[in-house]
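What follows is a single structure, written as structure tokens, with notes after it.
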Amino acid sequence: MEKFEKLTGIAAPMPLVNIDTDMIIPKQFLKTIKRSGLGVHAFDEMRYLADGTENPDFVLNKPQYREAQILVAGDNFGCGSSREHAPWALADFGVKAVISTSFADIFYNNCFKNGMLPIVLPQEAVDVLMKDAEKGSNARMTVDLENQTVTTSDGESFAFELDPFRKHCLMNGLDDIGLTMEKVTAIDSFESQSAQSRPWV
Amino acid sequence: MSGKTLYDKIWDAHVVQQDEDGTCLLYIDRHLVHEVTSPQAFEGLRLAGRKVRAPGRTIAVPDHNVPTTLDRAKGIENEESRIQVEALDRNARDFGVHYYPVDDVRQGIVHIVGPEQGWTLPGMTVVCGDSHTATHGAFGALAHGIGTSEVEHVLATQTLIQKKSKNMKVEITGQLAPGVTAKDITLSVIGATGTAGGTGYVIEYCGEAIRSLSMEGRMTVCNMAIEGGARAGLIAPDETTFAYVQGRPHAPKGAQFEAALAWWKTLYSDDDAHWDKVVTLRGEDIAPVVTWGTSPEDVLPITAAVPAPADFKGGKVEAAQRALDYMGLKPGQKLTDIAIDTVFIGSCTNGRIEDLRAAAAILKGKKIKDGMRAMVVPGSGLVRAQAEEEGLAQIFLDAGFEWRLAGCSMCLAMNPDQLSPGERCAATSNRNFEGRQGKGGRTHLMSPAMAAAAAITGRLTDVRDLMTEPAQA
Chain A
1 MEKFEKLTGI AAPMPLVNID TDMIIPKQFL KTIKRSGLGV HAFDEMRYLA DGTENPDFVL
61 NKPQYREAQI LVAGDNFGCG SSREHAPWAL ADFGVKAVIS TSFADIFYNN CFKNGMLPIV
121 LPQEAVDVLM KDAEKGSNAR MTVDLENQTV TTSDGESFAF ELDPFRKHCL MNGLDDIGLT
181 MEKVTAIDSF ESQSAQSRPW V
Chain B
1 MSGKTLYDKI WDAHVVQQDE DGTCLLYIDR HLVHEVTSPQ AFEGLRLAGR KVRAPGRTIA
61 VPDHNVPTTL DRAKGIENEE SRIQVEALDR NARDFGVHYY PVDDVRQGIV HIVGPEQGWT
121 LPGMTVVCGD SHTATHGAFG ALAHGIGTSE VEHVLATQTL IQKKSKNMKV EITGQLAPGV
181 TAKDITLSVI GATGTAGGTG YVIEYCGEAI RSLSMEGRMT VCNMAIEGGA RAGLIAPDET
241 TFAYVQGRPH APKGAQFEAA LAWWKTLYSD DDAHWDKVVT LRGEDIAPVV TWGTSPEDVL
301 PITAAVPAPA DFKGGKVEAA QRALDYMGLK PGQKLTDIAI DTVFIGSCTN GRIEDLRAAA
361 AILKGKKIKD GMRAMVVPGS GLVRAQAEEE GLAQIFLDAG FEWRLAGCSM CLAMNPDQLS
421 PGERCAATSN RNFEGRQGKG GRTHLMSPAM AAAAAITGRL TDVRDLMTEP AQA
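So the sequences go chain by chain: A and B. Number 65 in the UniProt record's numbering belongs to position 65 of the first sequence; there are no gaps in the numbering. Number 75 in the UniProt record's numbering belongs to position 75 of the second sequence; there are no gaps in the numbering.
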């Protein structure tokens with residue numbers, strides 16, 4: 001997995017609340033058996049018109065946001081299904097961090113498995129960042145994972161909380177399965193104890 | 001020291017290892033797998049030369065892509081769907097996991113098959129690459145959805161890296177009024193707490209109205225815990241649970257059952273357990289409800305009118321306006337004046353036998369409105385067979401419904417069962433998101449009895465106006 005350390009880039013404002021996984025990647029694109037290539041379908045129904053051409057009103061189609069690497073979004077981003085296709089699509093589009101007041105649990109987990117950082121901040125902070133994002137491509141926002149801060153183009157900084165283990169994995173690009181495989185003895189011993197205490201399982 | 005919640009007890013029984021910062025390695029007893037969220041995980045195993053650690057604890061069934069028309073033996077027309085189902089066939093065979101292929105009578109929606117076959121038992125940890133895994137919480141099992149990377153992690157290690165959620169109690173006191181069902185409970189809770197109200201929590205549903213529900217009803221309640229933002233929903237196991245489990249193909253038998261039962265009976269929240277959040281609703285106050293918008297929190301009693309964006313605060317004002325535009329509704333319009341085109345009865349929320357009984361009780365001897373498209377998609381082949389044996393299928397057919405084969409179908413429209421742009425559907429499923437049932441499709445969520453009532457009148461309808469005897473489920 002790619003390491004995440006510090007990112008300075010364009011942030012796109014998406015103030016809508018409850019942006020769900022069906023919006024991020026509609027079901028017709030879940031039929032793939034690959035992880036790659038979903039970026040072109042990210043936000044498909046908002047991004048493209050009925051004839052397949054781009055909807056010029058959709059934020060990520062506007063010239064100043066086409067290279068956005070950060071999304072500043074309304075509350076409860078990523079609600080809905082468990083589809084990891086949602087972070088796959090965002091990552092493939094080029095998004096590396098999403099900022100909101102809250103995230104749906106499974107989407108939040110899925111981000112970390114793909115080198116993407118979801119940042120939870122209070123409403124007041126998100127309001128300021130949303131305004132900053134509205135300035136377009138001249139305003140670069142900075143996400144500093146090591147120091148756990150987001151800084152606006154004007155230099156206003158907000159600290160965010162993050163689980164230390166998740167931070168460690170993200171900063172070092174660590175693969176969860178590899179880490180867990182190192183604990184195989186503990187898993188073996190749990191299984192043999194469990195075979196005694198809960199033999200019906 | 002305070003006592004433990006049911007969630008605490010199940011959690012503690014599954015911790016393989018705990019780090020200093022509270023990160024745990026949690027053992028997974030059952031891993032359910034379907035064709036949409038697993039191919040990349042199996043591919044990951046192959047690339048790394050890894051095996052499935054516990055194939056005997058892994059159960060696979062295709063459900064999302066499968067056609068539900070009676071001619072499905074001829075194969076899947078859509079190439080991508082077919083490839084995905086074929087990939088599951090191959091992966092199940094290559095890695096040696098339990099498998100119910102499309103042509104097996106036990107095939108169906110993964111969350112209906114698991115409990116039906118006795119794979120889901122009280123006190124277990126159950127995961128699946130599907131958010132509606134919450135369904136299994138009805139047995140007092142800790143069950144939740146995971147992404148594909150975590151599917152691969154569970155396949156390889158039979159564990160998950162987890163941090164514990166907070167404890168939330170949702171109590172439904174008293175009894176439900178006639179015509180009010182488990183679906184109305186779960187939608188009303190989301191209406192009260194919002195779709196992010198449960199974020200960071202595991203919910204335990206309790207109270208007299210929950211105790212009075214059948215296992216089918218409890219599964220409906222827990223199924224939508226995810227729509228309320230919770231990691232999982234739980235209901236403490238009791239005699240209703242034990243009676244449902246006993247005798248199922250993969251449930252313990254004889255002395256093993258007795259041993260299991262002794263442990264299962266300890267699975268309840270202690271009186272002095274600590275709750276981080278408590279929500280209480282009076283069962284008597286819950287009405288038959290429908291959704292009007294494009295979020296499961298957009299819930300109102302059927303007797304209400306469409307709200308105005310100005311009724312909301314913050315970001316929800318814009319979201320409500322967008323929802324009204326998408327749904328083609330005007331503020332102040334009575335919900336019972338909304339005409340519908342289509343009725344869908346099915347899904348992991350409401351595709352069990354009791355749901356079909358409740359719908360059939362309303363439809364018996366009646367016809368659906370002229371021009372209405374209506375379908376029943378049983379949750380599994382065995383539900384379908386039982387409904388045929390009970391005469392329910394004939395009631396649906398006589399009323400003008402299509403009687404389909406088992407699958408996820410129009411709940412998420414990955415197979416050919418889809419809405420057209422602007423088509424308005426009364427659905428017993430779980431999500432009313434934009435485009436969920438087909439691009440431009442408009443979804444109103446409700447109970448099976450309410451969906452049956454809507455099929456008869458051709459508009460959203462208060463089922464209590466059509467009831468000759470109390471609806472169940």
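Even glycine gets a Cβ: it sits at the ideal position worked out from N, Cα and C. Remember, predicted model here, so these are calculated numbers, not experimental data.
With respect to the C-alpha of Ile161/B, the residue from Ile146/B, Thr68/B, Ile235/B and Val52/B having the closest C-alpha is Ile146/B.
C-alpha of Ala453/B to C-alpha of Ala259/B: approximately 45 Å in a straight line.
The CB of Gly74/A comes closer than 7 Å to the CB of Gly315 in chain B, given here in chain order. Look at the stretch 81–103 of chain A: the residues with a C-beta under 7 Å from a C-beta of chain B are Ser81, Ser82, Arg83, Glu84 and Ser102.
Counting other Cβ atoms within 10 Å of its Cβ, Arg231/B reaches 16 or more and is therefore classed as buried.
If you check the CB distance, Ser157/A and Ala139/A do not come in under 9 Å. Comparing alpha carbon positions, the residue from Phe344/B, Cys348/B, Ser188/B and Cys411/B closest to Ile456/B is Phe344/B. CA-to-CA, the gap between Val306/B and Gly200/B works out to about 31 Å. Where Gly254/B is concerned, the enclosing alpha helix (DSSP H) starts and stops at Gly254 to Trp264. In the three-state reduction of the DSSP assignment, Glu389/B falls in the helix class, which pools H, G and I. As computed with DSSP, Met224/B is found in no beta bridge at all. Close partners of Phe433/B in chain A (Cβ separation under 8 Å): Asp20, Asp22, Met23 and Gly80. For Arg282/B, same chain residues with a beta-carbon under 6 Å away, outside a window of 5 residues either side, are Thr173 and Gly174 in chain order. Asp276/B and Asp341/B have their C-alpha atoms some 43 Å from each other. For Ser194/A, the uninterrupted alpha helix (DSSP H) run begins and ends at Val184 to Ser197, by DSSP. Arg436/B reaches chain A at Asp22, counting residues in chain order whose Cβ is nearer than 7 Å. With fewer than 16 other CB atoms across the displayed protein chains lying within 10 angstroms of its CB, Asp71/B is exposed.
Between the stretch 85–97 of chain B and the stretch 386–396 of chain B, the count of C-beta pairs closer than 8 Å stays below three; the two stretches do not touch. Identification of residues in the stretch 54–74 of chain B having a C-beta nearer than 9 Å to some C-beta of chain A yields Ala54, Arg57, His64 and Asn65, given in sequence order. Per DSSP, the continuous beta strand (DSSP E) segment holding Ser157/A begins and ends at Ser157 to Ala159. Interface annotation, Met224/B: not in contact with chain A, CB-CB separation never under 9 Å.
Under the DSSP definition of a beta bridge, Val143/A partners with Leu7/A and Val150/A. Pairing Lys313/B with Ala196/B, the inter-Cα distance amounts to about 15 Å. The straight-line gap separating the alpha-carbon atoms of Leu38/A and Phe29/A is approximately 8 Å.
Within the same chain, Leu32, His98 and Trp119 come within 6 Å of Ile59/B by CB-CB distance, once the 5 residues on both sides are set aside.
Secondary structure in the stretch 172–216 of chain B: the beta strand (DSSP E) runs of 3 residues or longer, each lying completely within the stretch, are 201–206 in chain order. Runs of the alpha helix (DSSP H) lying entirely within the stretch 323–376 of chain B and spanning at least 4 residues, in chain order: 347–350 and 353–363. Distance from Leu117/A to Lys96/A at the Cβ level is roughly 7 Å; contact confirmed, criterion being Cβ atoms closer than 8 Å. The beta-carbon of Leu179/A is placed less than 9 Å from the nearest beta-carbon of chain B.
By the 16-neighbour rule on beta-carbons within 10 angstroms, Val105/B is exposed. Here the stretch 178–187 of chain A makes no contact with the stretch 232–250 of chain B; the two share fewer than three CB pairs at distances below 8 Å. At least one C-beta of chain A is nearer than 9 Å to the C-beta of Ser165/B. When C-alpha distances from Ala68/A are compared across Thr32/A, Leu162/A and Ala11/A, the shortest belongs to Ala11/A.
Neighbours of Ala186/A in chain B, taken as residues at a C-beta separation under 8 Å, are given in chain order as Val16, Gln17 and Leu25.
The continuous beta strand (DSSP E) containing Ala97/A extends over residues Ala97 to Ser100.
Between Gly78/A and Thr21/A, the CB-CB gap stays under 9 Å.
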